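Visitor: Protein chains in written order, with our numbering: chain L, -1 to 347; chain G, -1 to 347; chain U, -1 to 347; chain C, -1 to 347. Backbone N, C-alpha and C define an ideal beta-carbon position, used for all residues, glycine too. Given the structure is predicted, the values throughout are model-derived calculations rather than measurements. Once you've had a glance at the structure underneath, I'll fire off some questions.
4 protein chains.
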Amino acid sequence: MTPSQPGNPRVRLGDLGVPSGMFARGTLNAITDVPGIRIGHASLHDDGLNTGVTAIVPDALDGRRRSLPAGLSVGNGYGKLVGATQLQELGALETPILLTSTLSVFRVADAFLGHLLATPAHAETTTLNPVVGETNDGFLSDIRRRAVGAAQVDHALRSAATGPVAEGCVGAGAGTVALGYKGGIGTASRVLHVGGTRRTVGAIVQTNFSGTLRIAGVPLPAEELLAQDPAAPVGNSCMIVVATDAAVDGRQLGRVANRAVFAMRGVGADYAQGSGDYAIAFSVHDPADGGPVAEEALSPLFAATMDAVEEALVNSVLTAQTTEGPEGRIAHAIPIDVVRTRLAAAGVI
Amino acid sequence: MTPSQPGNPRVRLGDLGVPSGMFARGTLNAITDVPGIRIGHASLHDDGLNTGVTAIVPDALDGRRRSLPAGLSVGNGYGKLVGATQLQELGALETPILLTSTLSVFRVADAFLGHLLATPAHAETTTLNPVVGETNDGFLSDIRRRAVGAAQVDHALRSAATGPVAEGCVGAGAGTVALGYKGGIGTASRVLHVGGTRRTVGAIVQTNFSGTLRIAGVPLPAEELLAQDPAAPVGNSCMIVVATDAAVDGRQLGRVANRAVFAMRGVGADYAQGSGDYAIAFSVHDPADGGPVAEEALSPLFAATMDAVEEALVNSVLTAQTTEGPEGRIAHAIPIDVVRTRLAAAGVI
Amino acid sequence: MTPSQPGNPRVRLGDLGVPSGMFARGTLNAITDVPGIRIGHASLHDDGLNTGVTAIVPDALDGRRRSLPAGLSVGNGYGKLVGATQLQELGALETPILLTSTLSVFRVADAFLGHLLATPAHAETTTLNPVVGETNDGFLSDIRRRAVGAAQVDHALRSAATGPVAEGCVGAGAGTVALGYKGGIGTASRVLHVGGTRRTVGAIVQTNFSGTLRIAGVPLPAEELLAQDPAAPVGNSCMIVVATDAAVDGRQLGRVANRAVFAMRGVGADYAQGSGDYAIAFSVHDPADGGPVAEEALSPLFAATMDAVEEALVNSVLTAQTTEGPEGRIAHAIPIDVVRTRLAAAGVI
Amino acid sequence: MTPSQPGNPRVRLGDLGVPSGMFARGTLNAITDVPGIRIGHASLHDDGLNTGVTAIVPDALDGRRRSLPAGLSVGNGYGKLVGATQLQELGALETPILLTSTLSVFRVADAFLGHLLATPAHAETTTLNPVVGETNDGFLSDIRRRAVGAAQVDHALRSAATGPVAEGCVGAGAGTVALGYKGGIGTASRVLHVGGTRRTVGAIVQTNFSGTLRIAGVPLPAEELLAQDPAAPVGNSCMIVVATDAAVDGRQLGRVANRAVFAMRGVGADYAQGSGDYAIAFSVHDPADGGPVAEEALSPLFAATMDAVEEALVNSVLTAQTTEGPEGRIAHAIPIDVVRTRLAAAGVI
């Protein structure tokens, strides 16, 4: 799924041989391992633009159910997340989730709303709470053009598919930078037991934050690994979306979402004051089928969530390619060979 | 300022002779009594549409200052308020505040952002947190047309003025209903001393909520006062904006905003589960000029805020005229003569 | 249940003939109408002391269940509520709730914990989250003596009973003042349908806040009704506990608790900055028996909660007797005859 | 400062030669590097008991000032933190902070209150918000005896001193376990510039949480490093206190406190569901002397806070000694020699 670049073939963390930790990776090691989750991207790469939309689509909202249990964690609220207060009040997600570029977030939300209102499920709808996250891709994209709109929204939603997920410089990650490197979209998953039932938790992230990368604890500072200046995001941020099929309710998913934010520290985030760091967690489990699980059953879900989020964050960097933006600004891909060498030296692989 | 209707001249609460309570009303008894606050409206009344935009514009944000101290209270988060998390994280308001119709909120936010980015103050801006509130005017307006856009946003912003404020069926209040009657926009203000300094607090509201109206404690149920069926809002809500020139910081303004939400109960709100009840409070006082005041100085500000909000809520109903929406739905103006009679009988006037 | 005072027989709101509003009162019009709720008081009235403890005891926690779904609303956090963060995190109440005097709250919590650890249900317990609220009865009691302790805690818990509930100057209300009058403990209940099932919601309050009393909207200012100076609470506050048997979860009960705080405005609270205004709502319904109800079913529960809380607040004042504290400070009972006259004049009764 | 153990001399992270990162350590590398901060401990080690109290005392509250700006982060609210809601509402700390054992927290709070009321500064005080945190030392101490009381509180407060801080098995850390090892009290500090002024930030922690230890990214799992079974805390938790002399207000300190919780992930915390993970941050800077700093100045303070917290967490483990509790339960000290070997192998030292 990952586009290649001469001399610098992109990989995922698992490809490097880094073990998954306490829980096994899912089949695809992607959020699409969670039943009924589809991912779609629309990317805009042209003169001065590296931007796009990524759609996380739970099939259950395609007419069958009006909402899914959901929780939100606002790690650092310096962002323009659309849909926050209603999601928290009701503990519910009413629509797919879109990720995009900061200054396009409202036109994306408006186009998204138009798209949804045109579907049979919403033929009579007069109120709806679309959820759209963003990070600022202004380092690599002419953000003031606000180029993302209805065409990209429609494409991302219509092309959303199960199966492997494109990562790196794609969709909402086309123009983001993370930890001094080119960042982007990453995903990962874990399989675990929650309250005695086998479940999956998956994460997808849009990385655009500062700090010093660590993989499995091994520091990989951009200042050292790159021959050139590290990329500095304009208004750094991170959007994290976690999906599971565990039988958890909205309040419990708020607790899951908190852990997703905490996991950023595991890969070296510095949670700078201008960063919009948010996690949304939702479950595709239908409460009508039982639940929620006892609170005591949540610790493994918390642990697996953090592992999946950390791997998704790392994957976003490992799979991203060197990208040039306006005015000669460049975010470099992390050099995979150096990563491999350092991880081997540290005994991680 | 209030358009008239044959046989039912609209009034404000003060016109009825209801005293102001512990604090005096400001000169205009409007949020524009707070120095540097301008209000603008754009209204859409045509075939099946009664909707619009209302703009609350603090002059201080016209280039001189980057943000004002601000706080948010989410009384009931069933709404689509744009800008919530960043306002709370930073305790700051970066832009004017717009109010509009639920399904238009994102296109209004997008147009607003475009408007702001085109101003000299934002010539280089790559991140900005516009604040746009909404209530659902779908009872009196074809909300799915999402008719409010850039033209209305520009008009509301450009026409924003000091002086008396149009109330009732205007701007974002064109199509809202409250407490069984036609609601809309209302405003009021109070003058007080905060920490020994004479200050003003003003409120402006967009009313669209259910319950049983009380004025000065006197119940005025729509079921009794109207010959016809009371209006039932589609997704009821209330947006409250409070401005002051008191020397308060973001955290303290959060406390002010809480009181603004509490005040809704004073006029009979029932805070129904589907209601998006929010208050935003901001101060035009420049922290560089001193402050914040000691916490002990806040109680009078809290009391004056509640009085101003309650009067603004009542004014929105008293000044609104009977309005017909799609499919013959009608929201009736409260009959002023009956109000007057009942208030007199209760000894309030 | 109410102790009498010569020439000023105490009454409850219903005794005055004020109708209950949209929902019927429960049999006892008390929180004990909710199945399995018992109330106990321990009062200390002696030289300079008017203080005590009130216990709200859900039978379900006597060994059968480890916790009940619960929510908390912090209307104004100027208080020392014990147990707040864990109740919110887990949406659960693990113990009965005690109310007491500010400076005694920790020794009451400690004694309470000792009491609980000595019960068979907690023979092995090594962590437990007791919930103890407080208001400041320092106007009528020598609060610095911190006179409430294990003896009062044990008495309140052991004497807790179903049936009618003593109100006014009793338990945690022995020394509190409200709205210029002697306040204290009050209770009320409503019967309603939630999601098609007949349910009860009950409230019990400890009133100690400032403002101007309104009953059914009719203003009854202490400055007018009393020949003497109104009482001024030292650090005013209000603790509200709401119980129901509706099938609601912790998040939904947080929404219920919010409404309980909002209801304070309905009786004239001014939410002064130094007030600790909290509401805790819990359900005795066992989630194992189904639920939670759909969000849409909550509006009647919200409305009934506000009605019950408002009536409980009023009852705390109507049933309280003139009380003298240290240094000649006196809080006067509201004169019932004047209340009756004014309510009749306003057509309320 | 650290008591020694034959064959296992305890060290601090700096002693091992691990560099401090972006910011220099303070002179003592302790929270006492922040001007006017004193630390005191009272420890109880006897038959079946390993428990105690740790006091963090800002001199400024000894009569000169009534409160300090403060913020709270509730990472996971499964704890009994006393003083939470008022600290958040007012953004203020009114008293020193005590840390202790879960089931003793209320009697410690009560004794603390008694201690404070007996001081001249509180001769007239009738309301006060003591702040007392706790973690559960029940693995190594007979927690149900609730052995910590007035004697320990007085000792900790009276012995509080500037200068080096005792770490490890002392005070509130006497009986806690962390990351499979014996944990306890740890401290560290960093020197930085905030808004152009040289400032210090210091942290002190009480560690009692689960997870897999990482030092400078190097995994040091108790399962590998110990010949025996790792210790399992009963109800794991972490209390973090951050002090600074930077000119920040309560809201900004809430943002600082959030980062302190995030930092736990940097050393391998798993934030288990039963963990009470809290951070309190306060400033000794007097707002009367100017401030707060601009929001943009906060990122270095955030970064330095996370570094100090991570090092304090690690120090709590490195300095703690093997401790035996009731029923033969043992928490083993981390073997320093193995730590040294592994850090050297990884190139960290």
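Does the beta-carbon of I332 (chain U) have 16 or more other beta-carbons within 10 angstroms, so that it is buried, or is it exposed?
Guide: Classification for I332 (chain U): buried.
Visitor: If you pair each beta-carbon of the segment 122 to 129 of chain G with each one of the segment 89 to 103 of chain G, do three or more pairs fall below 8 Å?
Guide: Short answer: they touch.
Visitor: Determine, using beta carbons only, whether Q319 (chain L) and R8 (chain L) come nearer to each other than 9 Å.
Guide: Yes.
Visitor: According to DSSP, is T339 (chain U) part of a helix, a strand, or is it coil?
Guide: Helix, per DSSP.
Visitor: Would you call Q84 (chain G) buried or exposed, if buried means 16 or more other Cβ atoms sit within 10 Å of its Cβ?
Guide: Result: buried.
Visitor: For R142 (chain G), which residues in chain L fall below 7 Å Cβ to Cβ?
Guide: The answer, in chain order, is L115, T124.
Visitor: If we call anything under 9 Å between Cβ atoms a contact, is G200 (chain U) one with R212 (chain U)?
Guide: No, Cβ-Cβ distance for G200 (chain U) and R212 (chain U) is not below 9 Å.
Visitor: What are the residues of the segment 100 to 111 of chain L that lie near chain G, defined by any Cβ-Cβ distance shorter than 7 Å?
Guide: Within the segment 100 to 111 of chain L, the qualifying residues are T100, L101, F104, R105, A107, D108, L111.
Visitor: Which residues in chain U have a C-beta closer than 8 Å to the C-beta of R257 (chain G)? List them in chain order.
Guide: Simply Y269.
Visitor: Please report the Cβ distance between T125 (chain G) and L115 (chain G), rounded to the nearest whole angstrom; I am assuming they are in contact, meaning their Cβ atoms lie under 8 Å.
Guide: The Cβ separation is near 11 Å, so there is no contact.
Visitor: For N134 (chain C), go through chain U and note every residue whose CB falls closer than 9 Å to its CB, in chain order.
Guide: Going along chain U in sequence order, the residues near N134 (chain C) (Cβ under 9 Å) are T124, T125.
Visitor: I'd like to know whether the C-beta atoms of A154 (chain U) and A53 (chain U) end up nearer to each other than 9 Å.
Guide: In contact: A154 (chain U) and A53 (chain U) (Cβ atoms closer than 9 Å).
Visitor: Reducing DSSP to helix, strand and coil, say where P1 (chain U) ends up.
Guide: At P1 (chain U) the pLDDT is 42, less than 50, meaning the model places this residue with poor confidence and gives no usable figure here.
Visitor: Please decide whether A58 (chain L) counts as near chain U, where near means a Cβ-Cβ distance under 9 Å.
Guide: Taking Cβ atoms only, chain U never reaches closer than 9 Å to A58 (chain L), which makes this a no.
Visitor: Check each candidate in L:T198, L:Q204, L:G61, L:T100 and name the one with the smallest Cα separation from F280 (chain L).
Guide: When only C-alpha atoms are compared, the closest one is L:T198.
Visitor: The beta strand (DSSP E) that contains V346 (chain C), what's its start and end?
Guide: Per DSSP, V346 (chain C) belongs to no beta strand (DSSP E) and is neither H nor E.
Visitor: When the cut-off is 9 Å and only beta carbons count, does E293 (chain U) lie next to chain L?
Guide: Chain L contact via Cβ: present.
Visitor: Spell out a yes or no on whether the segment 299 to 308 of chain C and the segment 14 to 22 of chain C are touching, meaning 3 or more CB-CB pairs, one atom from each, closer than 8 Å.
Guide: Output reads yes: the segment 14 to 22 of chain C touches the segment 299 to 308 of chain C.
Visitor: Assuming H153 (chain U) is part of the beta strand (DSSP E), what are its boundary residues?
Guide: Counting along the chain, H153 (chain U) falls outside any beta strand (DSSP E), though it belongs to the alpha helix (DSSP H) covering 148 to 156.
Visitor: On the premise that G50 (chain L) lies in contact with G169 (chain L), defined as a C-beta separation below 8 Å, what is that separation, rounded to the nearest angstrom?
Guide: Sure, about 4 Å apart at Cβ, within 8 Å.
Visitor: Name the one or two DSSP bridge partners that L70 (chain L) has.
Guide: Answer by DSSP bridge pairing, in chain order: L:I278.
Visitor: Identify which residue in U:L177, U:D227, U:I347, U:A261 has its Cα closest to the Cα of I202 (chain U).
Guide: Minimum Cα distance to I202 (chain U) is reached at U:A261.
Visitor: By DSSP's criteria, R196 (chain C) is part of a beta bridge. Which residues make up the other side?
Guide: Looking at the DSSP assignment, R196 (chain C) forms a beta bridge with C:H191.
Visitor: Taking 9 Å as the threshold (beta carbon to beta carbon), is F137 (chain L) in contact with chain C?
Guide: Cβ-Cβ to chain C under 9 Å: no for F137 (chain L).
Visitor: Return yes when the Cβ of V265 (chain L) is within less than 9 Å of the Cβ of L311 (chain L), no when it is not.
Guide: Going by C-beta atoms, L311 (chain L) is nearer than 9 Å to V265 (chain L).
Visitor: Leaving out five residues on either side along the sequence, give the residues of the same chain with a beta carbon under 8 Å from the beta carbon of G248 (chain U).
Guide: Cβ neighbours of G248 (chain U) beyond the five flanking positions: P67, A68, G69, L88, G89, A90.
Visitor: I'd like to know whether the C-beta of L88 (chain C) is nearer than 9 Å to at least one C-beta of chain G.
Guide: Yes, its Cβ sits closer than 9 Å to a Cβ of chain G.
Visitor: Residue ranges of each alpha helix (DSSP H) run of no fewer than 4 residues wholly in the segment 231 to 295 of chain C, ordered along the chain?
Guide: Counting only runs of 4 or more, we get 248 to 261.
Visitor: Determine whether the beta carbon atoms of I334 (chain G) and T185 (chain G) lie at a separation below 9 Å.
Guide: Going by C-beta atoms, I334 (chain G) is not nearer than 9 Å to T185 (chain G).
Visitor: Counting only the same chain and skipping the five closest in sequence on each side, list residues whose C-beta sits under 7 Å from that of D13 (chain G).
Guide: Counting only Cβ-Cβ distances below 7 Å, and skipping sequence neighbours, we find nothing.
Visitor: Where does R196 (chain U) land, buried or exposed, given buried means 16+ other C-beta within 10 angstroms?
Guide: With fewer than 16 other Cβ atoms within 10 Å, it is exposed.
Visitor: Go to R105 (chain G), then tell me how far its alpha helix (DSSP H) extends in each direction, as first and last residue.
Guide: First-last of the alpha helix (DSSP H) with R105 (chain G): 103 to 115.
Visitor: By how many angstroms is the C-alpha of E294 (chain C) removed from the C-alpha of G323 (chain U)?
Guide: Their Cα atoms are separated by approximately 53 Å.
Visitor: Could you pull the DSSP bridge partners for T100 (chain C) from this structure?
Guide: Paired residue(s): none; T100 (chain C) is not in a bridge.
Visitor: How should A329 (chain C) be labelled, buried or exposed, when 16 other C-beta atoms within 10 angstroms of its C-beta is the threshold for buried?
Guide: By the 10 Å Cβ count, A329 (chain C) comes out buried.
Visitor: Between the segment 26 to 44 of chain G and the segment 143 to 163 of chain G, can you find at least three pairs of beta-carbon atoms closer than 8 Å?
Guide: Touching, yes, given that three or more Cβ pairs across the two stretches are closer than 8 Å.
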